[in-house]
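Participant:
Number of protein chains: 2
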Amino acid sequence: MSISDTKEKILDAAEYLFARRGFHNTSLRAITSRAGVNLAAVNYHFGSKDALLEAVFQRRLVPLNRIRRDNLEAVRETARREGRRPAVDEALRAFIEPTLAFRKSGTGAEDFITLVARSMSDPEDTVRDVFIRHIAPLFHLLFETLCEALPELTPDTVFWRLQFVIGAMGHVICMTGKNYKYALPAGVTPVDDVESLTALLIDFAATGLERP
Amino acid sequence: MSISDTKEKILDAAEYLFARRGFHNTSLRAITSRAGVNLAAVNYHFGSKDALLEAVFQRRLVPLNRIRRDNLEAVRETARREGRRPAVDEALRAFIEPTLAFRKSGTGAEDFITLVARSMSDPEDTVRDVFIRHIAPLFHLLFETLCEALPELTPDTVFWRLQFVIGAMGHVICMTGKNYKYALPAGVTPVDDVESLTALLIDFAATGLERP
DNA sequence: GTTCAATTAAAACACATGTTTTAAAAAAAG
DNA sequence: CTTTTTTTAAAACATGTGTTTTAATTGAAC
């Protein structure tokens with residue numbers, strides 16, 4: 000068993016459990032037991048439970064953010080080349096699509112995106128700080144792009160409407176998580192494939208954002 | 000010190016701490032210490048920590064839900080009397096306004112509404128189940144009303160768009176909580192008074208919902 | 001093959017948790 | 001006042017927590 004094997008196993012188990020039970024509610028013993036490694040391995044390889052959380056975020060959020068950033072830059076660049084403003088739905092898609100796509104990735108990334116969505120409103124500073132630190136630059140880029148796309152709106156308005164969109168997306172991610180049960184109205188069997196949901200959300204968000 | 004004094008003190012302290020630190024991350028000792036009562040008082044008066052959470056929800060969510068329910072019924076009744084469909088923004092206002100109003104109530108209700116919003120996506124079943132059980136009937140009523148208001152949309156679409164709105168509202172509540180720090184873009188100082196925020200959210204949500 | 005560092009394993013540590021028990025104090029009932 | 005019930009108080013209980021320590025094992029370098 001090479002070093003990276005143990006580390007990867009721990010990261011996988013932590014990701015799985017953090018997403019399903021929350022950070023504070025997941026013990027190191029539960030993680031190491033699931034990973035099939037010794038308890039002390041976490042502190043040996045990562046230093047502490049907090050540092051493990053940071054590592055879990057790092058592993059997937061850095062690549063995801065690179066994709067989202069590239070997408071957003073491409074949207075801006077294309078618009079600039081064509082001498083027009085970026086379109087709201089293009090900007091939203093650049094951000095939302097890769098995010099929700101984690102749900103159908105087949106890997107543990109499905110768990111990860113649930114963890115991220117929940118971290119957004121986590122009561123613990125430990126968790127929320129990690130999230131905000133990783134997402135801040137990207138959020139600012141999206142905000143800027145939307146301000147360009149909606150010059151007739153005040154930045155104030157764009158800011159809050161973007162927050163509404165973030166909240167909607169986070170909630171959908173939580174709801175579509177593996178162990179989430181919600182109160183379904185009788186006679187309604189909503190679609191839950193990622194593509195349909197992504198389209199629904201982008202349409203909804205773009206319409207709300209573009210309101211005069 | 001009468002019986003209700005001790006119970007109220009515990010409820011106040013629990014509400015405050017649950018909202019700020021989360022349910023699992025708040026110890027009974029922290030609660031009783033803040034309330035100025037003995038540790039055993041919680042188990043004596045409420046039975047268990049879980050039952051205390053239920054009591055915290057009960058105390059404020061029952062009255063709040065009655066208000067929201069009455070509002071929604073009034074919206075439907077008025078529309079029926081005037082021989083028209085209920086308006087989307089009226090239905091949304093009936094639900095959203097009393098909810099966000101908790102923020103300016105001056106009592107501990109400010110903490111409570113944060114607790115509710117966070118419970119929505121809480122990783123712990125204990126917490127989320129309490130929330131869902133209390134909110135389900137009201138959610139169904141709002142859903143029904145919106146289906147009446149938007150007969151050209153499939154219930155499927157209404158369901159998801161309503162979830163987007165719930166997510167947006169929950170996120171805003173978390174963000175405007177006392178100890179929530181977020182990544183504010185440079186040069187933006189968004190309004191944070193409850194009335195403006197309520198109006199912004201209702202406008203956004205209604206526009207998104209009404210999209211053809 | 002020997003040496004030395006990296007890794008794993010097992011145990012213990014120090015402390016925090018929800019709950020229960022036992023006794024004291026306070027309040028209510030007679 | 002006396003008795004009985006309700007409430008508070010203090011301590012102990014059993015268990016779970018993140019972390020550290022110490023020893024065994026592995027793996028590579030020489």
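Chains P and X, in that order, give the protein sequences. Residues 0 to 211 (numbering that gives the first Met the number 0) make up the first sequence, in order. Residues 0 to 211 (numbering that gives the first Met the number 0) make up the second sequence, in order. Ideal placement from N, C-alpha and C gives every residue a C-beta, glycine not left out.
Taking 9 Å as the threshold (C-beta atoms), are residue 201 of chain X and residue 92 of chain X in contact?
Facilitator: If you number the second sequence from 1, residue 92 of chain X lands on position 93. If you number the second sequence from 1, residue 201 of chain X lands on position 202. It is a contact, given that the beta carbons lie within the stated cut-off.
Participant: By Cβ distance, which residues of its chain are closer than 8 Å to residue 9 of chain P, with the 5 residues on each side in sequence left out?
Facilitator: Here residue 9 of chain P refers to the residue found at position 10 of the first sequence. Excluding positions up to five away in sequence, the list reads 30, 31, 34, 36, 40, 41, 44, 45 and 51.
Participant: Could you tell me whether the Cβ of residue 199 of chain P comes closer than 9 Å to any Cβ of chain X?
Facilitator: Locating residue 199 of chain P in the first sequence gives position 200, where the first residue counts as 1. At least one chain X Cβ lies under 9 Å of residue 199 of chain P.
Participant: Specify the secondary structure class of residue 47 of chain P as computed by DSSP and reduced to three states.
Facilitator: As a working note, residue 47 of chain P is residue 48 in the first sequence. Correct three-state label for residue 47 of chain P: coil.
Participant: What three-state label does DSSP hand residue 168 of chain P in the structure shown?
Facilitator: The residue you call residue 168 of chain P lines up with position 169 of the first sequence. Residue state, collapsed to three classes: helix.
Participant: Taking Cβ positions, are residue 64 of chain P and residue 134 of chain P nearer each other than 9 Å?
Facilitator: Residue 64 of chain P sits at position 65 when you count from the first residue of the first sequence. Residue 134 of chain P sits at position 135 when you count from the first residue of the first sequence. For residue 64 of chain P and residue 134 of chain P, yes; Cβs fall inside 9 Å.
Participant: Consult DSSP for residue 149 of chain X and reduce its assignment to one of helix, strand or coil.
Facilitator: Residue mapping note: residue 149 of chain X aligns to position 150 of the second sequence, counting from 1. Of the three classes helix, strand and coil, the one that applies to residue 149 of chain X here is coil, per DSSP.
Participant: Taking 8 Å as the cut-off, does the stretch 186 to 204 of chain X touch the stretch 117 to 129 of chain X (at least 3 CB pairs, one atom from each stretch)?
Facilitator: With the cut-off at 8 Å, the stretch 117 to 129 of chain X and the stretch 186 to 204 of chain X do not touch.
Participant: Which ranges would you report for the alpha helix (DSSP H) in the stretch 83 to 117 of chain X if only whole runs of at least 4 residues count?
Facilitator: Correct list: 87 to 100.
Participant: Between residue 2 of chain P and chain X, is there a C-beta pair that is closer than 9 Å?
Facilitator: Looking up residue 2 of chain P in the first sequence gives position 3. Bear in mind that the predicted position of residue 2 of chain P carries a pLDDT of just 48, short of 50, making it unreliable; the figure below should be weighed with that in mind. Closer than 9 Å: no.
Participant: Assign residue 221 of chain X to one of two classes, buried (16 or more other C-beta atoms within 10 Å of its C-beta) or exposed (fewer than that).
Facilitator: Residue coverage of chain X in this structure runs from 0 to 211, which leaves residue 221 of chain X outside it and unanswerable.
Participant: Could you name the residues of the same chain whose beta carbon sits closer than 7 Å to that of residue 28 of chain P, not counting the 5 residues immediately before and after it, in chain order?
Facilitator: The sequence position of residue 28 of chain P within the first sequence is 29, counting from 1. So the list reads 38, once near-sequence residues are dropped.
Participant: Would you call the stretch 76 to 85 of chain X and the stretch 100 to 112 of chain X touching, i.e. three or more CB-CB distances under 8 Å?
Facilitator: They do not touch, by the three-pair rule.
Participant: Counting only Cβ-Cβ distances shorter than 8 Å, please list the residues of the stretch 100 to 123 of chain P near chain X, keeping chain order.
Facilitator: Within the stretch 100 to 123 of chain P, the residues whose Cβ lies closer than 8 Å to some Cβ of chain X are 116, 117, 119, 120, 121, 122 and 123, listed in chain order.
Participant: Which of the residues in the stretch 61 to 74 of chain X, read from start to end, lie with their CB under 9 Å from any CB of chain P?
Facilitator: For the stretch 61 to 74 of chain X, which is checked against every Cβ of chain P, not one residue is closer than 9 Å.
Participant: What residues from chain P crowd round residue 190 of chain X, counting only those whose CB sits closer than 7 Å?
Facilitator: Counted from its first residue, the second sequence places residue 190 of chain X at position 191. Near residue 190 of chain X (Cβ distances below 7 Å), the residues of chain P are 155.
Participant: Keeping to the same chain, check which residues put their C-beta closer than 7 Å to that of residue 180 of chain P; ignore five residues upstream and five downstream.
Facilitator: Stepping through the first sequence from its first residue, residue 180 of chain P is reached at position 181. Closer than 7 Å at the Cβ level, and outside the excluded window around residue 180 of chain P, lies no residue.
Participant: What would DSSP say about residue 154 of chain X, mapped onto helix, strand or coil?
Facilitator: Here the question's residue 154 of chain X lines up with position 155 in the second sequence. Residue 154 of chain X: helix per DSSP, three-state reduction.
Participant: Since I believe residue 140 of chain P is in contact with residue 68 of chain P (beta carbons under 8 Å), could you give me their beta-carbon distance rounded to a whole number of angstroms?
Facilitator: In the first sequence, counting from the first residue as 1, residue 68 of chain P sits at position 69. In the first sequence, counting from the first residue as 1, residue 140 of chain P sits at position 141. So it is a contact: roughly 6 Å between Cβ atoms.
Participant: Using a beta-carbon distance below 9 Å, is residue 11 of chain P in contact with chain X?
Facilitator: Working through the first sequence from its first residue, we reach residue 11 of chain P at position 12. Not closer than 9 Å to any Cβ of chain X, the Cβ of residue 11 of chain P fails to qualify, so no.
Participant: When the cut-off is 9 Å and only beta carbons count, does residue 134 of chain X lie next to chain P?
Facilitator: On the second sequence, position 135 is the one that residue 134 of chain X refers to. Closer than 9 Å to some Cβ of chain P, the Cβ of residue 134 of chain X qualifies, so yes.
Participant: Would you list, in chain order, the members of the stretch 29 to 53 of chain X that have their beta-carbon closer than 9 Å to a beta-carbon of chain P?
Facilitator: Going along the stretch 29 to 53 of chain X in chain order, one finds no residue with a Cβ nearer than 9 Å to chain P.
Participant: Cβ closer than 8 Å: which chain P residues qualify as neighbours of residue 131 of chain X?
Facilitator: Your numbering for residue 131 of chain X matches position 132 in the second sequence. Within 8 Å Cβ-Cβ: 180, 181 and 182.
Participant: Hey, could you find the ends of the alpha helix (DSSP H) residue 193 of chain P is sitting in?
Facilitator: For the purposes of this step, residue 193 of chain P is taken as residue 194 along the first sequence, with counting starting at 1. Per DSSP, residue 193 of chain P belongs to the alpha helix (DSSP H) from 193 to 209.
Participant: Is residue 196 of chain X close to chain P? Criterion is C-beta to C-beta, closer than 9 Å.
Facilitator: Indexing the second sequence from 1 puts residue 196 of chain X at position 197. Chain P, which has a Cβ nearer than 9 Å to the Cβ of residue 196 of chain X, makes this yes.
Participant: Buried or exposed for residue 82 of chain X, going by 16 or more other Cβ atoms inside 10 Å?
Facilitator: As a position in the second sequence, residue 82 of chain X is number 83, starting the count at 1. Looking at its Cβ environment, which holds fewer than 16 other Cβ atoms inside 10 Å, residue 82 of chain X is exposed.
Participant: Classify residue 122 of chain X as buried or exposed, calling it buried when 16 or more other Cβ atoms lie within 10 Å of its own Cβ.
Facilitator: Residue 122 of chain X sits at position 123 when you count from the first residue of the second sequence. Classification of residue 122 of chain X: buried, given that the 10 Å Cβ count is 16 or more.
Participant: Taking DSSP as the reference, what is the three-state secondary structure of residue 185 of chain X?
Facilitator: As a position in the second sequence, residue 185 of chain X is number 186, starting the count at 1. Residue 185 of chain X: coil per DSSP, three-state reduction.
Participant: Is there a Cβ of chain P sitting closer than 9 Å to that of residue 7 of chain X, yes or no?
Facilitator: Numbered from its first residue, the second sequence carries residue 7 of chain X at position 8. Taking Cβ atoms only, chain P never reaches closer than 9 Å to residue 7 of chain X, which makes this a no.
Participant: I need the boundaries of the alpha helix (DSSP H) containing residue 175 of chain X, first residue and last residue.
Facilitator: Numbered from 1 along the second sequence, position 176 holds the residue referred to as residue 175 of chain X. Here residue 175 of chain X belongs to no alpha helix (DSSP H), and DSSP marks it neither H nor E.
Participant: Is the beta carbon of residue 120 of chain P sitting closer than 9 Å to the one on residue 173 of chain X?
Facilitator: Indexing the first sequence from 1 puts residue 120 of chain P at position 121. Indexing the second sequence from 1 puts residue 173 of chain X at position 174. Yes.
Participant: Could you work out which residue in X:12, X:137, X:159 and X:207 is closest to residue 62 of chain X when comparing CA atoms only?
Facilitator: The sequence position of residue 62 of chain X within the second sequence is 63, counting from 1. It is X:137 whose Cα lies nearest to the Cα of residue 62 of chain X.
Participant: Is residue 125 of chain P helix, strand or coil when you go by DSSP?
Facilitator: As a working note, residue 125 of chain P is residue 126 in the first sequence. Correct three-state label for residue 125 of chain P: helix.
Participant: Against chain P, which members of the stretch 145 to 177 of chain X pass a CB distance test of less than 8 Å?
Facilitator: Within the stretch 145 to 177 of chain X, the residues whose Cβ lies closer than 8 Å to some Cβ of chain P are 154, 155, 156, 158, 159, 160, 162, 163, 164, 165, 166, 167, 168, 169, 170, 171, 173 and 174, listed in chain order.
Participant: According to a CB-to-CB cut-off of less than 8 Å, which residues of the stretch 80 to 98 of chain X neighbour chain P?
Facilitator: Against chain P - using a Cβ distance shorter than 8 Å - the stretch 80 to 98 of chain X contributes no residues.
Participant: Less than 9 Å separating the beta-carbons of residue 24 of chain P and residue 23 of chain X?
Facilitator: Counting from one through the first sequence, the residue named residue 24 of chain P turns up at place 25. Counting from one through the second sequence, the residue named residue 23 of chain X turns up at place 24. A contact, by the Cβ cut-off of 9 Å.
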